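Engineer:
Chains as they are written, first to last, in the numbering used here: chain A, 201 to 429; chain B, 5 to 85.
#1: Going by DSSP, what residue range makes up the alpha helix (DSSP H) through residue 423(A)?
#2: Is there a C-beta anywhere in chain A that falls below 7 Å from the one on residue 54(B)?
#3: Where does the unbroken alpha helix (DSSP H) through residue 312(A) begin, and where does it stop?
#4: Using a C-beta cutoff of 7 Å, does residue 325(A) count as contacting chain B?
#5: Quick check on residue 28(B): buried or exposed, where buried means 16 or more other Cβ atoms within 10 Å of its Cβ?
#6: To the nearest whole angstrom, what separates the beta carbons of residue 69(B) and residue 396(A), a pair I think is in contact under 8 Å?
#7: Taking only beta-carbon atoms, is residue 336(A) less than 7 Å away from chain B?
#8: Are there 16 or more other CB atoms within 10 angstroms of the CB of residue 410(A), so buried, or fewer, so exposed?
#9: With a threshold of 6 Å on Cβ separation, who are the neighbours of residue 245(A) within its own chain once the five nearest residues in sequence on each side are excluded?
#10: What residue range is occupied by the uninterrupted alpha helix (DSSP H) comprising residue 365(A)?
#11: Going straight from the alpha carbon of residue 203(A) to that of residue 332(A), what length do you get?
#12: For residue 51(B), which residues of its own chain have a beta-carbon under 7 Å away from its beta-carbon, when the five flanking residues on both sides are left out?
#13: With distances taken between CB atoms, is the gap from residue 369(A) to residue 399(A) smaller than 7 Å?
#14: Out of 385(A), 358(A), 253(A) and 302(A), which has the shortest C-alpha to C-alpha gap to residue 272(A)?
#15: Would you say residue 69(B) lies against chain A (beta-carbon separation less than 7 Å)?
#16: Below 8 Å on the Cβ atoms is my contact criterion, and I expect residue 258(A) with residue 346(A) to pass it. Report the Cβ-Cβ distance as a whole number of Å.
#17: CB residue 48(B) to CB residue 15(B), shorter than 7 Å?
#18: Thinking just about the alpha-carbon of each residue, which of 407(A), 282(A), 247(A) and 352(A) is nearest to the one in residue 322(A)?
#19: If we count the other Cβ atoms within 10 Å of its Cβ and call it buried at 16 or more, is residue 71(B) buried or exposed?
#20: Mark residue 403(A) as exposed unless 16 or more other C-beta atoms lie within 10 angstroms of its C-beta, in which case mark it buried.
#21: Quick one: Cα of residue 241(A) to Cα of residue 281(A), how far?
#22: Shortest alpha-carbon distance to residue 67(B) belongs to which of 13(B), 11(B), 36(B) and 78(B)?
#23: Take residue 251(A) as the anchor and find which of 405(A), 412(A), 394(A) and 320(A) has the nearest alpha-carbon.
#24: Taking only beta carbons into account, state which residues of the region 252 to 284 of chain A come closer than 7 Å to chain B, listed in chain order.
#25: In three-state DSSP terms, what is residue 389(A)?
#26: Could you spell out the range, first to last residue, of the alpha helix (DSSP H) harbouring residue 80(B)?
#27: I'd like the span of the alpha helix (DSSP H) that includes residue 259(A), first residue to last.
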């Protein structure tokens with residue numbers, strides 16, 4: 201009873217806040233100052249045709265580094281908890297539909313994920329979405345198999361290497377151009393080509409590898425927790 | 005009303021209905037699947053609002069990965085509670 205009343209009160213308060221905010225909102229007719237300068241000089245500045253990736257990786261590269269650190273600590277915590285406190289039982293055998301799908305679909309999904317990662321500066325996508333897509337292919341593989349994944353040195357080496365690459369690229373910008381994560385330590389090239397946009401493709405690759413290996417690490421520790429059945 | 009506006013509003017209404025349904029269904033597994041459906045609709049909505057990169061992330065993380073994580077978590081706590 202009390203739970204219902206408290207829940208209802210919270211919903212009503214949130215609704216009141218939402219209505220006030222929506223009431224005050226007017227659709228902006230022009231871009232804000234920063235947005236305008238990004239859209240005007242973004243392609244020249246970074247060589248990246250996809251301005252979203254230009255903002256995420258080049259202009260706000262430090263924030264992305266922070267996001268990668270957040271994901272890293274989250275995955276470390278999940279793996280730690282699931283290793284220290286094994287709960288529940290191991291994997292249950294998949295149905296024949298799942299195991300058949302898991303046999304044919306993952307290669308296509310991985311290819312699509314790699315496409316998203318490597319074309320981050322040309323078309324929608326980039327390191328984070330592409331890495332998540334690749335990880336979901338690994339998830340499908342795990343769903344389709346009956347066995348508990350073993351301890352993988354390979355996965356954690358990829359993860360560490362990708363994180364190290366991101367940091368080193370940042371320091372390269374600092375020493376070569378006097379700015380951490382400076383984009384144009386490599387030539388910008390001609391916008392629209394696959395090898396262009398300075399270090400954006402390299403950082404996308406690093407982020408993609410890191411996100412994919414970290415999420416796969418989370419899955420495999422979930423799968424392992426509780427031991428073999 | 006343009007087709008885009010109609011599709012966006014339709015998807016939004018569908019999301020709200022599904023979100024409420026996720027709260028009131030009795031079985032945990034149904035609620036998890038419905039939450040996955042809400043994520044998939046959200047990714048459709050992002051696509052309609054010209055944010056394809058957010059749509060890709062939402063579809064893979066929200067609809068696929070977190071649904072499976074929830075399902076595994078349900079298995080770990082021992083099914084229906």
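We put the CB at the ideal spot given by N, CA and C, even for glycine. Given the structure is predicted, the values throughout are model-derived calculations rather than measurements.
Structural biologist: Judging by the given coordinates:
#1: 400 to 424
#2: no
#3: It spans 296 to 318 - the alpha helix (DSSP H) in which residue 312(A) sits, taken as one unbroken run.
#4: yes
#5: exposed
#6: Not a contact, Cβ separation roughly 31 Å.
#7: At least one beta carbon of chain B lies nearer than 7 Å to the beta carbon of residue 336(A).
#8: Buried, because 16 or more other Cβ atoms sit within 10 Å of the Cβ of residue 410(A).
#9: none
#10: 353 to 377
#11: 37 Å
#12: 59
#13: yes
#14: The shortest C-alpha separation from residue 272(A) is found at 358(A).
#15: yes
#16: Going by Cβ atoms, the distance from residue 258(A) to residue 346(A) rounds to 45 Å, so no, they are not a contact pair.
#17: At the C-beta level, residue 48(B) and residue 15(B) come within 7 Å of one another.
#18: 247(A)
#19: buried
#20: buried
#21: 47 Å
#22: 36(B)
#23: Considering only alpha carbons, the answer is 320(A).
#24: 252
#25: coil
#26: 70 to 80
#27: Element bounds for residue 259(A): n/a, residue is neither H nor E.
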